[in-house]
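Residue numbers (my numbering): 32 to 381.
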């Protein structure tokens, strides 16, 4: 029997980020996960965007989270020996004049993130896209992370150092004894739940009010399309590689499974046809469940009656942007007894 400092439950984006943070801090840990349980993280587009377009405000915690995200993935790329993060401007199409006017009005407040110019329809020159009637503009500080590669490379590293239990985890309160959790013949000082939307019930954190949302994407090939930005107009189009693109995403709060649906896929194709004036062919269709929370804030902290249990979950569509910053907060909370951000504290649900 060996004693570890942490057992991480789940190896999606949140669990993988937390594992790398513990690695850098020399924390002895193990991870338990099965590949199918991290499926929603693997299919995520990994886009990070500092702007909430609907209100033209900064995304929550963007100023703090973006530098932490860049630092984290620069180190992770070096450690894993692969490229993960791309800086790509978001190309925002305006659907009405009021949208362009609001963008213009907010440019001063958001100067660190926005191009300071709004372009008119006749200045649009990208081949394959229908020019927007009310102009367009760019988000400068944006991009995406290859989440599938990040999770797989992290998994390979965990397996290589014998730090991964490839099995489904089911919490058993009888395994708690004198401040330790016993699992697979080993003992752990802290057990951190990073399960995404798949809470294994009964869970010590079942008071958390999740509001998971199913999302569907499609991958398509369009050799006549020249797009080097992330297009945003109702849906997104993300350049992938060699004339291939990713299009998404839909939202469904009722049908919570990871099966594609003809209705949502038809919806995506219909929206694509309104944006493109060149042919495209669909190569792959995928779906996943976002681990969103009812108040749209992450869920972080230590259990109120079992301090050996913790949670690091609920990042929803913001996992790439927020999890690196909050993984450091989680580490400081666990091992330096520092407080965590009050809006993320899981005890808000008690």
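Just so it is clear, CB atoms sit at the ideal spot from N, CA and C, and this is done for glycine as well.
Cutoff 7 Å; reference residue i; Cβ partners in own chain excluding five residues on either side
i: residue 377; result: 236, 239, 330, 331, 332, 342
i: residue 149; result: 131, 134, 135, 166, 168
i: residue 113; result: 180, 184
i: residue 215; result: 196
i: residue 294; result: none
i: residue 59; result: 35, 36
Residue i and residue j closer than 8 Å at C-beta
i: residue 78; j: residue 90; result: no
i: residue 65; j: residue 198; result: yes
i: residue 96; j: residue 353; result: yes
i: residue 117; j: residue 175; result: yes
i: residue 217; j: residue 35; result: yes
i: residue 282; j: residue 63; result: no
i: residue 246; j: residue 318; result: yes
i: residue 344; j: residue 322; result: yes
i: residue 260; j: residue 274; result: no
i: residue 219; j: residue 38; result: yes
i: residue 223; j: residue 40; result: yes
i: residue 234; j: residue 202; result: yes
i: residue 210; j: residue 67; result: no
i: residue 346; j: residue 107; result: no
CA-to-CA distance, residue j to residue i, given in whole angstroms
i: residue 276; j: residue 158; result: 15 Å
i: residue 357; j: residue 320; result: 21 Å
i: residue 48; j: residue 280; result: 24 Å
i: residue 305; j: residue 126; result: 12 Å
i: residue 200; j: residue 142; result: 46 Å
i: residue 371; j: residue 364; result: 6 Å
i: residue 271; j: residue 380; result: 39 Å
i: residue 375; j: residue 84; result: 23 Å
i: residue 147; j: residue 120; result: 13 Å
i: residue 225; j: residue 32; result: 24 Å
i: residue 53; j: residue 366; result: 11 Å
i: residue 266; j: residue 71; result: 18 Å
i: residue 291; j: residue 264; result: 22 Å
i: residue 256; j: residue 250; result: 14 Å
i: residue 296; j: residue 43; result: 25 Å
i: residue 50; j: residue 163; result: 43 Å
i: residue 241; j: residue 139; result: 36 Å
i: residue 369; j: residue 361; result: 9 Å
i: residue 326; j: residue 334; result: 19 Å
i: residue 278; j: residue 76; result: 9 Å
i: residue 349; j: residue 109; result: 23 Å
i: residue 61; j: residue 243; result: 27 Å
i: residue 137; j: residue 144; result: 11 Å
i: residue 324; j: residue 190; result: 31 Å
i: residue 156; j: residue 170; result: 18 Å
i: residue 298; j: residue 178; result: 25 Å
i: residue 101; j: residue 355; result: 9 Å
i: residue 288; j: residue 258; result: 32 Å
i: residue 98; j: residue 88; result: 18 Å
i: residue 124; j: residue 154; result: 13 Å
Delimiting residues of the alpha helix (DSSP H) encompassing residue i
i: residue 109; result: 93-111
i: residue 211; result: Note, residue 211: premise wrong, no alpha helix (DSSP H); beta strand (DSSP E) at 211-214.
i: residue 240; result: No alpha helix (DSSP H) holds residue 240; DSSP gives it neither H nor E.
i: residue 354; result: 350-366
i: residue 131; result: 128-137
i: residue 298; result: 293-306
Assigned exposure category for residue i - 16 Cβ within 10 Å defines buried
i: residue 206; result: exposed
i: residue 74; result: buried
i: residue 314; result: exposed
i: residue 336; result: exposed
i: residue 128; result: exposed
i: residue 308; result: exposed
i: residue 301; result: exposed
i: residue 115; result: buried
i: residue 23; result: There is simply no residue 23 to check, as the chain begins at 32 and stops at 381 in what is shown.
i: residue 173; result: buried
i: residue 182; result: buried
i: residue 351; result: buried
i: residue 328; result: buried
i: residue 105; result: exposed
Where the beta strand (DSSP E) containing residue i begins and where it ends
i: residue 168; result: 167-170
i: residue 190; result: Premise fails: residue 190 lies in the alpha helix (DSSP H), 178-191, not in any beta strand (DSSP E).
i: residue 36; result: 34-40
i: residue 318; result: 312-321
Cut-off 6 Å between Cβ atoms - residues of its own chain near residue i, not counting five sequence neighbours on either side
i: residue 111; result: 184
i: residue 93; result: 81
i: residue 262; result: 122, 268
i: residue 316; result: 249, 291, 296
i: residue 56; result: 362
Contact set for residue i: own chain, Cβ-Cβ below 8 Å, skip 5 residues either direction
i: residue 284; result: 242, 243, 244, 245
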